Amino acid sequence: AQSVTQLDSQVPVFEEAPVELRCNYSSSVSVYLFWYVQYPNQGLQLLLKYLSGSTLVKGINGFEAEFNKSQTSFHLRKPSVHISDTAEYFCAVRLQGGKLIFGQGTELSVKP
Amino acid sequence: DTGVSQDPRHKITKRGQNVTFRCDPISEHNRLYWYRQTLGQGPEFLTYFQNEAQLEKSRLLSDRFSAERPKGSFSTLEIQRTEQGDSAMYLCASSPRDSEGLAGNYNEQFFGPGTRLTVL
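Chains C and S supply the protein sequences, listed in that same order. Everything in the first sequence is counted per the numbering used here, starting at 1 for the first residue and increasing by one. Everything in the second sequence is counted per the numbering used here, starting at 1 for the first residue and increasing by one.
Written out as structure tokens, the structure is:
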């Protein structure tokens with residue numbers, strides 16, 4: 001069965017510092033991978049996705065992620081975070097039919 | 001441009017009562033998904049529809065849960081005889097149908113704001 005593991009439940013970081021949120025997946029077939037962000041009391045918003053092609057994927061709000069097939073990872077990065085990036089971040093893998101399997105989430109807390 | 005809407009946004013009920021949630025997808029999106037998110041966890045897939053047909057149900061969806069999409073537009077999720085363990089955020093998402101196997105044609109799922117259920 002396919003699964004997603006987010007290695008950090010909480011990541012505190014200072015404003016303007018770089019950040020990496022880690023995600024590993026398990027799959028025996030080709031994968032489509034996603035990162036979503038959830039702000040308090042809101043639904044999920046797509047940050048970026050990997051479907052095929054270049055392993056470095058750029059998304060909204062300055063985020064990017066790198067697909068690493070050998071390490072089965074899809075880590076999310078941002079070179080300089082803002083207070084407004086404080087939110088919950090979810091890594092997900094898409095299965096046949098379109099349903100998404102999510103990781104447990106990483107709470108990013110950006111401090112001034 | 002109206003996104004996915006869900007109603008109500010919050011529901012508090014007593015154990016044993018029935019509740020029903022509604023999801024209105026983006027117009028012309030023929031796929032509709034339901035997920036459940038408990039505190040501190042990622043969303044878990046419950047079920048999905050293509051038009052009015054319910055194509056898959058998770059084992060999480062016990063006999064007390066039923067979902068419908070009678071005209072292929074809005075969907076309802078009903079929970080009968082609620083239990084405290086049903087307390088969660090129920091998320092709905094919609095997308096256009098994509099072409100399986102053609103990665104470039106994948107269509108994003110757009111999520112609604114969710115319905116937060118509290119069972120006392």
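Think of the CB as a built atom: it goes at the ideal place given N, C-alpha and C, for glycine as much as any other residue. Given the structure is predicted, the values throughout are model-derived calculations rather than measurements.
Extent of the continuous beta strand (DSSP E) run through residue i
i	result
E88 of chain C	87-94
E107 of chain C	106-111
S3 of chain C	3-6
F63 of chain C	It is not in any beta strand (DSSP E) - F63 of chain C carries neither H nor E in the DSSP assignment.
R77 of chain C	73-78
E20 of chain C	19-21
Within chain C, the residues that residue i reaches when beta carbons sit closer than 8 Å
i	result
L91 of chain S	G43, L44
R36 of chain S	None at all; the shortest Cβ gap to chain C is about 11 Å.
E108 of chain S	L46, K49
Strand pairing of residue i, partner residues [DSSP]
i	result
T76 of chain S	S:R22, S:E68
N51 of chain S	DSSP output for N51 of chain S lists no bridge partner at all.
P12 of chain C	C:S109
L46 of chain C	C:Y36
A93 of chain S	S:Y33, S:F111
Q6 of chain S	S:C23
R116 of chain S	S:H10, S:M89
E128 of chain S	Nothing can be reported for residue 128 of chain S, as the shown portion of chain S is limited to 1 through 120.
8 Å Cβ cut-off: residues of chain S touching residue i
i	result
I101 of chain C	F45
F74 of chain C	Per Cβ cutoff of 8 Å: no residues; F74 of chain C is ~14 Å from chain S at best.
Contact list for residue i against chain C, beta-carbon separation under 9 Å
i	result
L55 of chain S	G97
R15 of chain S	Neighbours of R15 of chain S on chain C: none; closest Cβ ~25 Å, over 9 Å.
Where residue i meets chain S, residues with beta-carbon distance less than 7 Å
i	result
Q104 of chain C	Q41, G42
Proximal residues of chain C, C-beta to C-beta of residue i below 7 Å
i	result
R31 of chain S	G98
Can at least three beta-carbon pairs, one atom from the region 84-93 of chain S and one from the region 80-96 of chain C, be found at a separation below 8 Å?
Between the region 84-93 of chain S and the region 80-96 of chain C, the count of Cβ pairs shorter than 8 Å is below three; the stretches do not touch.
Q. Should the region 8-15 of chain S be called in touch with the region 57-65 of chain S, which here means at least 3 C-beta pairs below 8 Å?
A. No contact exists between the region 8-15 of chain S and the region 57-65 of chain S.
Check your understanding: Three or more beta-carbon pairs under 8 Å between the region 76-83 of chain S and the region 57-71 of chain C, yes or no?
Key -> Verdict: no, contact absent.
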